[in-house]
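S.K.: My structure is below; once you've seen it, I'll send some questions.
Residue numbers (the working numbering), protein chains in the order written: chain A, 63 to 633; chain B, 77 to 299; chain C, 6 to 143.
Set out below in structure tokens:
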């Protein structure tokens, strides 16, 4: 029989004493009851400490907390930092605060309901089963796909903490698109030299093996058991078994110019970057003629990306300051949401760069070998009739660039079983919280393959990825508890519903116990037939597969049907 | 595999109208895979029937079971004890499973809860399509692996009818014309010349079901 | 009839529904009487059969609080439960029970006010609809 220790969190005397009395007399009558304790604030560290001390005596085998939201207690127990003598999955919480005290009007009714909630929670407590932890060993070996600047920087950071990196690059040399960058917007460093330095650093680092002219063609297994097949330039294949994978395949630039005529005096941002870098002397030349008036025309191809804004303002500032050009920037929005961009924008304006905003598409025409743009400026007013028609003549028109996913992205997403978003870029697990995690545990996303980025952001991200990977691999093992979904292989009909639905690619159809490789997580069963298998290290415990399985072959270890039925008041 | 879908509720309710205690039996094989008769559907149908009957003021008791495969005698016999305790059985296996039960339980009325629809495959999750009619003499070897018996509305063996337009069937506008698929595939495989061979008319009466019950006998396997 | 207090089972996704309940508590908002809260790790955990079982035995109405579409922590849990809800509608139609008794509500973590509003609206609607014939003791 279960022996339940009851802790009553009075939440600083928020529970009326009449109710408390009723609760006490109710739980004393419960057969499974062991003892009860009242605390003023159970989520405080001192109270948790006292609780642990009491529980270590061994008088109880499970715990019921009567108080507030279960999330508070979960948090404070996780934070307490020392082992709690009772398995965390044997804790139940009767939330009488959110659901009752704060919710119902009259006290009589509240106490009636409180008793009902507590009765149910006691039932729940006796249904709970302990859930243990397991671990898999991880090696300090990482596969980085993509040898652009993001992949290189992440590799360097990983290599510095003693992790071996295999860096796979499809081209003959590493460096990627960053090799075409000449200036940083936020420092005066020579970008080309800086990037060259990083590349040679990576080439010399003994912890980094660079596989150029190679590509990933197959990936098998889950976290801790990844097996990656790489095809080299000579069509030979090698197999790697990394413990984590970083995807940094970047993006591609699409030079298609929507509605802008082709003309020798219309160039794009990367051409401008090169022009400025290679300019010698006090002025800028194009086609043997000095350039005086330059206009940047942005936001025609991709409105929501700030790289264009950053590059244009960066270049405009140099043109205006160093080469005494007259520069205008036309855009729908000036995007300055990067570190230091606000300052650069102000400096550019002080230097004399003109900014115009348009909503209606401006007209581009060629007048006497100069480019004329007619637009209605909306920076002062949004009222149509008050907008000023403006004409700008310039020697050179610089247009923005479109960013599209790499050609390989789609194939790669299928090989790695990670998701792609609406525009074909790889999709992060959660854009707000976990930008660098993919939907699969152990696979990380970095840089422009998720979303076109400015290089400074990419560098921050590569450090973040390195940090995350180091945190995962440092302990040499990954420990997880078995609060996951589990398939009963004897019931599985092999319908492929769960592998198709699993958001984390944690379920695959596997031959159980083949060569004794896989051991059924919970019971230690070994069977000799094919069935779906949830990899407990990759499962996040959401329960989607449980709700969908037509054979009812899957259970969620920490929230079984009968537990839900108790909560629903069906039992 | 065999694909099936649930019969209309009213029809099922009609079958079991006069009984107060029945057994609802699913099947853990094909119909589980097509989400029509697995353990989950058993539970759902059982609750739906119980609720419908309760609403009519004539409650019914329903026992539930889902054997691994209803069409094997041994599995069918697993139901024995339960069948003895009920007035009738509602089976949501395919038509084969229903008849396996019928063969083993001569004294209990057995009703189907599903319409066994076809032999088909999963096109994408949630969509199944017919691929085989078990005609008894497979022509796939001559038609580029695409079956004109199950996929052509007119079961034509030597090219499309005049109604094939823009790759679609004239009988079922949303379906691909099987002969268009066959042509495209053979062209892709550079084997168009193979389609010049005339496929003789099928002998439905000899190799297929027109001559009555079909049966396979393997003398070597008999025990 | 006026004494009828509809019983609502509120399934709360751990990412949005439950935090909204906590938020409602902190804001001091009052829930309607007779609300049963069931906490699930993701709305995708909720099975069709739960909805039927609840309507057969205890509840006058069911509300599922899930995350906004395209914002599910588990990618498609909220969409799966929506599909299951539509499947349940079909069953209810065959049984002859009002489908208004079942509803999904998408909200975010901090929707305490909306949480209570939706519950209250459901409560009022159910009060108008009358008791669930299945849970009535004959």
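Note that CB positions come from ideal geometry on N, CA and C, so glycine has one too. None of the values given here were measured: they were computed from a predicted structure.
Which chain B residues are close to residue 5 of chain C, counting only those with a beta carbon under 8 Å from its beta carbon?
M.R.: For chain C, the structure presents residues 6 to 143; residue 5 of chain C sits outside this window and is missing.
S.K.: How far does the alpha helix (DSSP H) with residue 562 of chain A in it reach, from first residue to last?
M.R.: For this step, residue 562 of chain A is matched to residue 500 along the first chain. Per DSSP, residue 562 of chain A belongs to the alpha helix (DSSP H) from 559–563.
S.K.: Span of the alpha helix (DSSP H) holding residue 22 of chain C?
M.R.: By one-based count along the third chain, residue 22 of chain C stands at place 17. First-last of the alpha helix (DSSP H) with residue 22 of chain C: 22–31.
S.K.: In the region 47–74 of chain C, which residues sit with their C-beta less than 9 Å from some C-beta in chain B, listed in chain order?
M.R.: 52, 53, 54, 57, 58, 60, 61
S.K.: Helix or strand or just coil, what does DSSP make of residue 215 of chain A?
M.R.: Numbered from its first residue, the first chain carries residue 215 of chain A at position 153. DSSP places residue 215 of chain A within a helical segment (H, G or I) once states are collapsed to three.
S.K.: Alpha carbon to alpha carbon, how far is residue 133 of chain B from residue 496 of chain A?
M.R.: Counting from one through the second chain, the residue named residue 133 of chain B turns up at place 57. Counting from one through the first chain, the residue named residue 496 of chain A turns up at place 434. If I take the Cα positions, the gap works out to 55 Å.
S.K.: Between residue 249 of chain A and residue 407 of chain A, what straight-line distance do the alpha-carbon atoms span, to the nearest angstrom?
M.R.: Taking the first residue of the first chain as position 1, residue 249 of chain A is located at position 187. Taking the first residue of the first chain as position 1, residue 407 of chain A is located at position 345. For residue 249 of chain A and residue 407 of chain A, the distance between alpha carbons rounds to 14 Å.
S.K.: Anything in chain B within Cβ reach of residue 135 of chain C, meaning under 8 Å, just list it in chain order.
M.R.: As a working mapping, residue 135 of chain C is identified with position 130 in the third chain. By Cβ distance, chain B contributes nothing, its closest Cβ being about 14 Å from residue 135 of chain C, past 8 Å.
S.K.: In whole angstroms, what separates the C-alpha of residue 175 of chain A from that of residue 100 of chain A?
M.R.: Numbered from its first residue, the first chain carries residue 175 of chain A at position 113. Numbered from its first residue, the first chain carries residue 100 of chain A at position 38. Near 20 Å, if we compare the C-alpha coordinates of residue 100 of chain A and residue 175 of chain A.
S.K.: Locate the beta strand (DSSP E) running through residue 207 of chain B, then write down its first and last residues.
M.R.: Taking the first residue of the second chain as position 1, residue 207 of chain B is located at position 131. From DSSP, the beta strand (DSSP E) with residue 207 of chain B extends over 203–208.
S.K.: Among all the DSSP beta bridges, which residues are the ones paired with residue 129 of chain A?
M.R.: Counting from 1 along the first chain, the entry for residue 129 of chain A is found at position 67. The partner list for residue 129 of chain A (beta bridge, DSSP) reads A:157.
S.K.: Give a yes or no on contact between the region 620–627 of chain A and the region 90–100 of chain B, applying the rule of three or more CB pairs nearer than 8 Å.
M.R.: The region 90–100 of chain B and the region 620–627 of chain A do not touch, with fewer than three beta-carbon pairs separated by less than 8 Å.
S.K.: Quick one: any contact between the region 399–414 of chain A and the region 368–378 of chain A, if contact means 3 or more CB pairs under 8 Å?
M.R.: yes
S.K.: Looking at chain A, is there any beta carbon in it that lies within less than 8 Å of the beta carbon of residue 105 of chain B?
M.R.: The residue given as residue 105 of chain B occupies position 29 in the second chain. Yes - at least one Cβ of chain A is within 8 Å of the one on residue 105 of chain B.
S.K.: Given 8 Å as the limit, is there contact between the region 597–611 of chain A and the region 45–52 of chain C, that is, 3 or more CB pairs closer than that?
M.R.: yes
S.K.: Using only alpha-carbon positions, find the residue among A:615, A:595, A:376 that is nearest to residue 283 of chain A.
M.R.: To locate residue 283 of chain A, count along the first chain from 1; it is residue 221. Residue 283 of chain A has its Cα closest to that of A:595, out of A:615, A:595, A:376.
S.K.: What span of residues does the beta strand (DSSP E) with residue 280 of chain A cover, start to end?
M.R.: Position 218 of the first chain, counted from the first residue, corresponds to residue 280 of chain A. Taken as a continuous stretch (DSSP letters only), the beta strand (DSSP E) holding residue 280 of chain A covers 277–282.
S.K.: Compare the beta carbon distance of residue 39 of chain C and residue 10 of chain C with 8 Å and say whether it is the shorter of the two.
M.R.: Translated into the one-based positions of the third chain, residue 39 of chain C becomes position 34. Translated into the one-based positions of the third chain, residue 10 of chain C becomes position 5. Against a cut-off of 8 Å, the Cβ pair of residue 10 of chain C and residue 39 of chain C comes out as a contact.
S.K.: Are residue 456 of chain A and residue 432 of chain A touching if we call contact CB-CB under 8 Å?
M.R.: Here residue 456 of chain A corresponds to residue number 394 of the first chain, with the count starting at 1. Here residue 432 of chain A corresponds to residue number 370 of the first chain, with the count starting at 1. In this structure, residue 432 of chain A lies closer than 8 Å to residue 456 of chain A by Cβ.
S.K.: Look at the Cβ atom of residue 120 of chain A, then the Cβ atom of residue 104 of chain A, and state whether they are nearer than 8 Å.
M.R.: As a first step, residue 120 of chain A must be located in the first chain, where it is residue number 58. As a first step, residue 104 of chain A must be located in the first chain, where it is residue number 42. Not in contact: residue 120 of chain A and residue 104 of chain A (Cβ atoms no closer than 8 Å).
S.K.: For a contact defined as C-beta to C-beta under 9 Å, what are the partners of residue 557 of chain A on chain B?
M.R.: For the purposes of this step, residue 557 of chain A is taken as residue 495 along the first chain, with counting starting at 1. Within chain B, the residues 108, 109, 110, 111, 114, 198 have their CB atoms less than 9 Å from the CB of residue 557 of chain A, given in chain order.
S.K.: Under 8 Å between C-beta atoms, does residue 119 of chain B make it to chain C?
M.R.: For this step, residue 119 of chain B is matched to residue 43 along the second chain. True, the Cβ-Cβ gap to chain C drops below 8 Å.
S.K.: Here's the rule: buried if 16 or more other CB atoms are within 10 angstroms of the residue's CB, otherwise exposed. What is residue 269 of chain B?
M.R.: Start at 1 with the first residue of the second chain, and residue 269 of chain B comes out as number 193. Exposed, since its Cβ has fewer than 16 Cβ neighbours within 10 Å.
S.K.: Between the C-alpha atoms of residue 242 of chain A and residue 233 of chain A, what's the straight-line distance to the nearest angstrom?
M.R.: Reading the first chain from its first residue, position 180 is the one you call residue 242 of chain A. Reading the first chain from its first residue, position 171 is the one you call residue 233 of chain A. In a straight line, the C-alpha of residue 242 of chain A is about 15 Å away from that of residue 233 of chain A.
S.K.: Starting from the Cα of residue 77 of chain B, find the closest Cα among B:109, B:118, B:239, B:182 and give me that residue.
M.R.: On the second chain, position 1 is the one that residue 77 of chain B refers to. Taking only the C-alpha atoms, the option nearest residue 77 of chain B is B:109.
S.K.: DSSP three-state label for residue 108 of chain C, please.
M.R.: Within the third chain, residue 108 of chain C is the residue found at index 103, counting from 1. Residue 108 of chain C falls in the strand class under three-state DSSP.
S.K.: When you compare only the Cα positions, how much space is there between residue 515 of chain A and residue 367 of chain A?
M.R.: For the purposes of this step, residue 515 of chain A is taken as residue 453 along the first chain, with counting starting at 1. For the purposes of this step, residue 367 of chain A is taken as residue 305 along the first chain, with counting starting at 1. Each residue's alpha carbon lies about 8 Å from the other.
S.K.: Thinking C-beta only, is residue 625 of chain A closer than 8 Å to residue 186 of chain A?
M.R.: Translated into the one-based positions of the first chain, residue 186 of chain A becomes position 124. Translated into the one-based positions of the first chain, residue 625 of chain A becomes position 563. Contact flag set, yes.
S.K.: Residue 341 of chain A to residue 75 of chain C, Cα distance in whole Å?
M.R.: Position 279 of the first chain, counted from the first residue, corresponds to residue 341 of chain A. Position 70 of the third chain, counted from the first residue, corresponds to residue 75 of chain C. Approximately 49 Å between the Cα atoms of the pair.
S.K.: Just to confirm, does residue 507 of chain A get its C-beta within under 7 Å of one of the non-hydrogen atoms of the ligand FMN?
M.R.: Because no ligand of any kind appears in the structure shown, any question about the ligand FMN cannot be addressed here.
S.K.: Taking Cβ positions only, does residue 217 of chain A come closer than 8 Å to chain C?
M.R.: Counting from 1 along the first chain, the entry for residue 217 of chain A is found at position 155. Answer no: the Cβ-Cβ gap between residue 217 of chain A and chain C never drops below 8 Å.
S.K.: Alpha carbon to alpha carbon, what distance is there between residue 81 of chain C and residue 35 of chain C?
M.R.: For the purposes of this step, residue 35 of chain C is taken as residue 30 along the third chain, with counting starting at 1. For the purposes of this step, residue 81 of chain C is taken as residue 76 along the third chain, with counting starting at 1. Distance between the alpha carbons of residue 35 of chain C and residue 81 of chain C is about 31 Å.
S.K.: Any beta-carbon of chain B closer than 8 Å to the one on residue 84 of chain A?
M.R.: Stepping through the first chain from its first residue, residue 84 of chain A is reached at position 22. Taking Cβ atoms only, chain B never reaches closer than 8 Å to residue 84 of chain A, which makes this a no.
S.K.: Starting from residue 309 of chain A, follow the beta strand (DSSP E) in both directions and report where the run begins and ends.
M.R.: Position 247 of the first chain, counted from the start, is the residue given in the question as residue 309 of chain A. Residue 309 of chain A -> beta strand (DSSP E) spans 306–309.
S.K.: In terms of DSSP beta bridges, what is residue 295 of chain A paired with?
M.R.: Taking the first residue of the first chain as 1, we reach residue 295 of chain A at position 233. None, per the DSSP bridge assignment.
S.K.: Going along the chain, which unbroken runs of the alpha helix (DSSP H) with 4 or more residues stay wholly within the region 420–492 of chain A?
M.R.: 471–478
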